[in-house]
Amino acid sequence: MSQTDVVRENNDEFAARRGYEGAAIYPWQNICVITCLDPRTDPAGFMGLGLGAAATLRNAGGRVTSAMLADLALISFLSERQLKPGEPIFEVMVVHHNQCGTHFLADDAFRHELMQRAGGDEEDWIAEAVVHPEETVEKDVAAILADTGLSRRMTVSGHVYDVTTGILRMVVPTAPMPSL
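Under UniProt numbering, the first residue of the sequence shown carries the number 1, and numbering increases by one thereafter.
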């Protein structure tokens with residue numbers, strides 16, 4: 001039996017017990033988490049978030065890239081216009097972690113071999129490396145705060161998750177989006 005078969009059986013059980021009921025398009029905890037795709041950093045696990053509690057945006061390193069900003073613009077606009085008109089919308093939590101696999105992008109030999117296989121711009125690959133998560137999460141929070149295409153009705157904070165202790169630590173305090 002493949003892992004896909006196992007997951008499909010799990011889904012059959014989920015559907016049979018109606019685990020999807022009560023979940024809505026808007027996160028009931030008013031949280032949007034931006035984090036790494038590393039399986040150790042699943043916010044449902046280390047933040048105790050159930051289905052529908054948070055919007056979750058994930059990529060390698062949990063970096064705030066142009067694609068991530070576009071996704072955040074979409075969900076913040078949707079929230080403002082359709083789901084919570086006139087109300088504050090979600091809190092954005094940017095979460096980076098120690099022992100991130102993207103730290104290998106800082107290694108010239110690794111990065112060059114990756115570029116031979118996957119292509120891409122070297123500066124873009126370097127920018128995605130999470131070597132010092134306290135520094136990269138600060139840069140990513142600043143990128144969100146500086147983006148004029150995002151809702152002004154959300155707040156942003158930065159956190160580092162320690163995969164060896166399970167502790168989530170705030171390193172950039174919660175701040176409102178600046179006025180335009």
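All C-beta atoms in this analysis are idealised placements derived from N, C-alpha and C, irrespective of residue type, glycine included.
Quick one: residues in its chain with C-beta nearer than 6 Å to the C-beta of Glu9, no 5 flanking neighbours on either side, listed in chain order? Nothing listed; no residue qualifies.
Determine the closest residue to Asn30 out of Leu114, Val156, Val160, Pro173, with distance taken between C-alpha atoms. Comparing C-alpha distances from Asn30 to each of Leu114, Val156, Val160, Pro173 shows the shortest one belongs to Val156.
Could you name the residues of the same chain whose beta carbon sits closer than 6 Å to that of Gln99, not counting the 5 residues immediately before and after it, in chain order? In the same chain as Gln99, and ignoring 5 residues on each side of it, the C-beta atoms closer than 6 Å to its own belong to Val163, in chain order.
For the beta strand (DSSP E) that contains Ile31, what are its first and last residues? Run containing Ile31: 31-36, per the beta strand (DSSP E) assignment.
Which residue wins for smallest C-alpha separation from Ile53, given the options Ser79, Ile25, Asp108, Lys84? Per the sequence shown, residue 53 should be read as Ala rather than Ile. For the residues Ser79, Ile25, Asp108, Lys84, the minimum Cα distance to Ala53 belongs to Ile25.
Report the three-state DSSP secondary structure of His97 (helix, strand or coil). It is a strand residue.
With DSSP run on the structure shown, which of helix, strand or coil describes Ser157? strand
With DSSP collapsed to three states, give me the class of Arg18. coil
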